[in-house]
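Comments concern the structure below.
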Amino acid sequence: MRVVAAMSGGVDSAVAAARAVAAGHEVVGVHLALSRSPEAVRAGSRGCCSLEDSADARRVADLLGIPFYVWDFSDRFAADVIDDFVESYGIGETPNPCLRCNEKIKFEALLDRAVALGFDAVATGHYARLDGGVLRRGVDAAKDQSYVLGVLDDAQLRHCLFPVGDTVKPDIRAEAGALGMGVATKPDSHDICFIPDGDTRAFLGRHIGVRPGAVQGTTGDHLGDHDGVHGFTIGQRKGLGLPGPAPDGRPRYVTDIDATTGTVTVGTREDLRTGSITADRLKRLDPEVHGRRFRCEVQVRAHGGVVPAVARIVDDTAPVTPAGRRKRDGEAPYRLELDLLEPLEGVARGQAAVVYRPDDDGDVLLGSGTISATGPWAGEPTGADADAGAAGAAGAAVR
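End of the sequence shown = 536 in the working numbering, gap-free, step of one.
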């Protein structure tokens, strides 16, 4: 096959490219230029798209003896990832820009261009596995990245290769070292690449400005004021701008954000417990495939735990989500409703709810949706939903 190896400059994508070459594919290395900000291209930047990263990727390509190119997607990245990030925070959501980048840049813009140029597949360094079109978790549970691939559709997955998904990270580093790659000991990147200093609140403030509002308790009592809901996220404990702790001495957490009124509500940790989730922007969740109601496990953070749930796929043709975001053209005319059989804490609108079917050979990713509403935990489930949780065999239809 003719394969584009997406090379970020890190060790995972470097070994993925090497394995694609070793498999006999005709491989071309491509690094994506996503930002033109001076901070993002300085030496030592901790994002994943700096000039230093590009140079590291080029050195690996030279070592492997493959052609290497830099494709500039900075304008599209700004429109589809950065602008979406700012918009989401402005309406009280907490988006994951890495998922959005995977969806719109790494597996849409990149893949579209690769296919147009006659390539058959794109290989990346993600820790996930494809098995006959089925997307599974990576073997390395600590590094599993299937969650951030939940936004891909079946057509995109047919053109994907994940060569490192069957290997644990220490072995990847050892393999890179054996191949003489300088990136073998390069640290992993963790920051949002377009906010290299890590100050998300300041970044959003520059883009959104000041939008004053109130901070209140769960009973509606006024506790203070703020400069904009974009400075908060569900579950946040620090930086609330309040004069002191709660009267009972317990810490306060952000439990709700209402961008329409500019109100931020704070409460106890118990108030963060979530029992139900509604999601839109569904990917790979089709009632014709999965049924209208089925058991599953749900994950709401890239490295968070999973909880069992009963899922329902419901018709939804409303033009606006509960958070006030206007739906995009082409979005599935359904929404996902999840009744959790165990509580999750601090679930925020804008995060992805990725659903899995447990499997002894690595959980199978069924699909995903963007969280648009949540409901409180009402205690242990009873009746049919409790039976569904106890029955096991998650992923089967619930009658």
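Just so you know, even glycine gets a beta-carbon here, dropped at the ideal spot from N, CA and C. Predicted model, so just to flag it, every value in this text is computed and none were measured.
Given this structure, state the Cα-to-Cα distance separating residue i from residue j, to the nearest angstrom.
i      : j      : result
GLY354 : ASP452 : 35 Å
GLY350 : ARG343 : 17 Å
PHE244 : ARG374 : 35 Å
GLU312 : GLY161 : 18 Å
VAL435 : LEU503 : 10 Å
ALA154 : ALA315 : 15 Å
GLY319 : GLY381 : 50 Å
VAL401 : ARG486 : 14 Å
PRO445 : ALA279 : 20 Å
ALA251 : TRP208 : 11 Å
ASP336 : GLN293 : 33 Å
GLY378 : TYR390 : 12 Å
ALA433 : VAL492 : For the record, residue 433 in the displayed sequence is Cys; it is not Ala. Taking the straight line from one Cα to the other gives about 6 Å.
ASP193 : ILE203 : 14 Å
GLY147 : GLY386 : 45 Å
ARG418 : TYR471 : 8 Å
ALA510 : VAL437 : 13 Å
ASP303 : TYR264 : 8 Å
GLU517 : LEU478 : 7 Å
PRO307 : GLY441 : 21 Å
GLY499 : ARG266 : 9 Å
ASP408 : ASP249 : 44 Å
PRO333 : VAL223 : 16 Å
PRO456 : LEU473 : 16 Å
In the DSSP assignment, the beta strand (DSSP E) including residue i goes from what residue to what residue?
i      : result
LEU419 : 410 to 420
LEU248 : First-last for LEU248: 247 to 253, but that is the alpha helix (DSSP H), not the beta strand (DSSP E).
TYR390 : 390 to 395
GLU482 : 471 to 482
GLU163 : 163 to 170
SER505 : 501 to 513
LEU360 : 359 to 363
In its own chain, which residues sit with a C-beta less than 7 Å from the C-beta of residue i, not counting the 5 before and 5 after it?
i      : result
VAL218 : PRO234, ARG237, CYS238, LYS241, ILE242
ARG429 : ARG449, ILE450
ASP393 : THR402
MET144 : SER150, ALA151, ALA154, GLY166, VAL167, HIS168, ALA194, VAL197, ALA198
THR370 : THR231, VAL391, ALA485
Leaving out five residues before and five after residue i in sequence, what residues of the same chain have Cβ atoms less than 8 Å from its Cβ?
i      : result
ARG410 : PRO480, LEU481, GLU482, PRO513, TRP514
GLU163 : MET138, ARG139, VAL140
Which residue marks the beginning of the alpha helix (DSSP H) containing residue i, and which one marks its end?
i      : result
PHE340 : 337 to 345
SER210 : It should be noted that the sequence gives Phe, not Ser, for residue 210. Per DSSP, PHE210 belongs to no alpha helix (DSSP H) and is neither H nor E.
VAL148 : 148 to 159
In chain order, what residues of the same chain lie with their CB nearer than 6 Å to the CB of residue i, ignoring the 5 residues before and after it?
i      : result
GLY357 : none
VAL152 : VAL301, ILE309, GLU312, ALA313
ALA490 : ILE414, ALA416, VAL435, VAL437, GLY506, ILE508
Compute every distance between the C-beta of residue i and the non-hydrogen atoms of the ligand FMN, then say whether any falls below 7 Å.
i      : result
ASP281 : Looking for the ligand FMN in the displayed structure turns up nothing, as the structure carries no ligands at all.
**Report entry** Any 3 or more C-beta pairs closer than 8 Å across the region 273 to 283 and the region 225 to 234
**Finding:** no
Query raised in the report: What are the uninterrupted segments assigned as alpha helix (DSSP H) that are 4 or more residues long and contained completely in the region 265 to 314, given in chain order?
Result: 291 to 294
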